[in-house]
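Trainee:
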Ligand SMILES: [Zn+2]
């Protein structure tokens, strides 16, 4: 079942990668989070428009813009600055930046061994003021569910 869930998550990741295409641009202010949870394995994929994280989405040119890019990647690479997930020890945290002619996105990938009853994105919303909503797709043994998280409601209850 884990293999099936994570396989499906991979296809969601592929879909969000396709969102870089000019035919399906991202929406500024809207981030996406795909979560797969199975037994004690937790996997998350976060996608954030660069415009909403750095305030620009062209190739960084000035020293300040390069520093902003490095800072954004560092933030995404430290799960504790993005999520509150009680009882989770993060095994993997990676972040990348991808750009096309019009838009740029950050993508981050996290893995942990834990069974949290909830995940909060409060730390993320505190740092990334220009993201108004995070669209969540949760895949678990209970099936697939969709949620919206906001700064006012950053808490996601996970099925036990
Ligand atoms: Zn954009």
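In the numbering used here, the protein residues as written are 54 to 213. Note that CB positions come from ideal geometry on N, CA and C, so glycine has one too.
#1: Can you tell which of 121, 200 and 93 has its C-alpha closest to the C-alpha of residue 173?
#2: When burial is assigned at 16 or more other CB atoms within 10 Å of the CB, is residue 76 buried or exposed?
#3: Taking residue 102 as the reference, give the member of 164, 157 and 191 with the closest Cα.
#4: Confirm the yes/no value for this check: CB of residue 156, any heavy atom of ligand 1, distance under 6 Å.
#5: In three-state terms, what does DSSP make of residue 182?
#6: Quick one: measure Cβ to Cβ for residue 148 and residue 126, integer angstroms, because I've assumed they're closer than 8 Å.
#7: Sorted by chain position, which residues of the same chain lie with C-beta nearer than 7 Å to residue 208's C-beta, five sequence neighbours on each side aside?
#8: Ignoring anything shorter than 3 residues or poking outside the stretch 137 to 172, list the beta strand (DSSP E) runs there in chain order.
Mentor: From the atom records:
#1: The residue you call residue 173 lines up with position 120 of the chain shown. Minimum Cα distance to residue 173 is reached at 200.
#2: Numbered from its first residue, the chain shown carries residue 76 at position 23. The predicted model places residue 76 with a pLDDT of 40, which falls under 50 and marks its position as unreliable, so this point remains unresolved.
#3: The count along the chain shown starts at 1 and reaches residue 102 at position 49. Among 164, 157 and 191, the Cα nearest to that of residue 102 is on 157.
#4: Sequence index remark: in the chain shown, residue 156 carries index 103 (1-based). At least one heavy atom of ligand 1 is nearer than 6 Å to the Cβ of residue 156, so yes.
#5: Looking up residue 182 in the chain shown gives position 129. Assigned with DSSP and collapsed to three states, residue 182 falls in coil, not helix or strand.
#6: If you number the chain shown from 1, residue 148 lands on position 95. If you number the chain shown from 1, residue 126 lands on position 73. At roughly 5 Å, the Cβ-Cβ gap stays under 8 Å, so residue 148 and residue 126 are in contact.
#7: Here residue 208 corresponds to residue number 155 of the chain shown, with the count starting at 1. The answer, listed in chain order, is 171 and 173.
#8: Listed in chain order, they are 142 to 152 and 157 to 166.
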